[in-house]
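What follows is one structure encoded as structure tokens, with my remarks underneath.
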Amino acid sequence: MQREHKSILRRLEAIAQMDTLLDDCDVSCELKEMGEDVEEEGLELFTQMEELLDELEVDTLLSGEYDEDNCILSIQAGTGGLDAQDWSMMLMRMYLRYADKKEFQTKILDILEDEEAGIKHVSILVEGEYAYGLLKAEAGVHRLVRISPFNSSGKRQTSFASVEVIPEIEEDDTVEINPEDLRIDTYRSGGAGGQHVNVTDSAVRITHLPTGIVVSVQNERSQMMNRETAMKILRGRLLEQKMHEERAKIDELKGDFKEIAWGSQIRSYVLNPYNLVKDHRTGEETGNVSAVLDGAVEPFIQRYLKETRKHGHTD
């Protein structure tokens, strides 16, 4: 109820802001008729209105059953050695910066750092209005092309990292988990180089035997909390698997639009020989790579949501 109230207030504020911008546009038009030079101010007002309209339109696209929920975003380094691990850390920073811009709360649940560079894996809880609905657009394989800082010969290197996004869900009727299907292991948690090792075996690893899905959580305060969080992640992954299977059946029947899902390259980030970020699903692109890596992924998310709605896909 509190989240719904906050959502309504935010939309009312956006509508009020649009009314103010329209009034400012009327004043600019009157000043223009009087011979005043207000072209730059008018363009700025138009840009603000366009951005606000995009935001309001995206709200109408987030109607999936779990879109309003928090989410768990996981990043896994792919092929590319140290470059891929460094790329995974860059992606982690990008999404943490995006969450900060959206005023989302974040918590790192599990991270496997490398002593030389970067991270091999990280799972992040993202809490906020429509966190899952927005970030589900980022699921897939992300490709980086750059001059490797780990290559003394200065050669161009291509690296890959996978991003998984699942809703954070409590127990419900959509996902049934038989306790007999679980193997639960405990171990000592720790950061890179064995730092911050707990005295007790508080970290938890849960294996879902029928699917082979493995979930690890180490950063909560107790073994019980790590276990509860791990079960939330497991339910989310099983739900996501179920939704992908249902979407695949629909795509097979429709035959006109095949969504690029988990395991497929969705976006390329090129830093050499030119600067370009391009989403291969929608065609959205920009040359301002540094801004994107600093969290400016909203245009890619908005375009993806519009395209999936156009082709009849909702989650």
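The sequence shown begins at -13 in this note's numbering and counts up one residue at a time.
The C-beta atom is built at its ideal place from N, Cα and C for all residues, glycine as well.
Contact check, residue i vs residue j, beta carbons under 7 Å
i           : j           : result
residue 212 : residue 117 : no
residue 136 : residue 86  : no
residue 111 : residue 58  : yes
residue 192 : residue 168 : yes
residue 155 : residue 207 : no
residue 7   : residue 42  : no
residue 38  : residue 4   : yes
Sequence-distant residues of its chain with Cβ nearer than 6 Å to residue i (five each side left out)
i           : result
residue 302 : Summary: the structure shown does not reach residue 302, with the chain confined to residues -13 through 301, and so no result is reported for it.
residue 60  : 109 and 150
residue 16  : none
residue 283 : 84
residue 91  : 113
residue 203 : 95, 96, 190, 212, 215 and 216
residue 263 : 255, 272, 275 and 278
residue 132 : 257 and 258
residue 226 : 152
Buried or exposed by the 16-neighbour rule on C-beta atoms within 10 Å, applied to residue i
i           : result
residue 249 : Residue placement at residue 249 is poorly supported in this model, since its pLDDT is 45, which falls under 50; the coordinates are not used for a value here.
residue 196 : exposed
residue 71  : buried
residue 78  : buried
residue 294 : buried
residue 130 : buried
residue 120 : buried
residue 89  : exposed
residue -5  : exposed
DSSP beta-bridge partners of residue i
i           : result
residue 133 : 142
residue 147 : 63 and 128
residue 200 : 193
residue 294 : In DSSP, residue 294 forms no bridge with anything.
residue 113 : 91
residue 77  : Residue 77 pairs with nothing; no bridge assigned.
residue 251 : 127
residue 256 : 131 and 262
residue 173 : 189
residue 153 : 57
residue 107 : 62 and 98
Cβ-heavy atom distance, residue i to the ligand MG, below 6 Å
i           : result
residue 214 : Absence of the ligand MG is noted for the structure shown, with no ligands found whatsoever.
Alpha carbon of residue i to alpha carbon of residue j, nearest angstrom
i           : j           : result
residue 145 : residue 21  : 55 Å
residue 52  : residue 148 : 22 Å
residue 36  : residue 28  : 12 Å
residue 285 : residue 165 : 42 Å
residue 276 : residue 98  : 25 Å
residue 287 : residue 122 : 9 Å
residue 125 : residue 13  : 44 Å
residue 11  : residue 40  : 18 Å
residue 105 : residue 67  : 11 Å
residue 95  : residue 274 : 31 Å
residue 228 : residue 217 : 16 Å
residue 256 : residue 18  : 43 Å
residue 209 : residue 173 : 10 Å
residue 26  : residue 9   : 17 Å
residue 103 : residue 62  : 14 Å
residue 292 : residue 45  : 11 Å
residue 201 : residue 261 : 36 Å
residue 23  : residue 1   : 28 Å
residue 321 : residue 54  : Only positions -13 to 301 of the chain appear in the structure, and residue 321 is not among them; the question remains open.
residue 188 : residue 171 : 10 Å
residue 115 : residue 49  : 12 Å
residue 205 : residue 219 : 14 Å
residue 281 : residue 80  : 5 Å
Residues of its chain near residue i, where Cβ-Cβ distance is below 8 Å and the 5 sequence neighbours each way are ignored
i           : result
residue 127 : 64, 146, 147, 148, 149, 249, 250, 251 and 252
residue 224 : 161, 163, 194, 197 and 199
residue 259 : 142
residue 266 : 246, 251, 252, 253 and 254
residue 74  : 61, 62, 63, 104, 105, 106, 107, 108 and 147
Cβ-based neighbour list, residue i, same chain, cut-off 7 Å, excluding 5 preceding and 5 following
i           : result
residue 134 : 69, 141 and 143
residue 76  : 279
residue 82  : 92
residue 34  : 7
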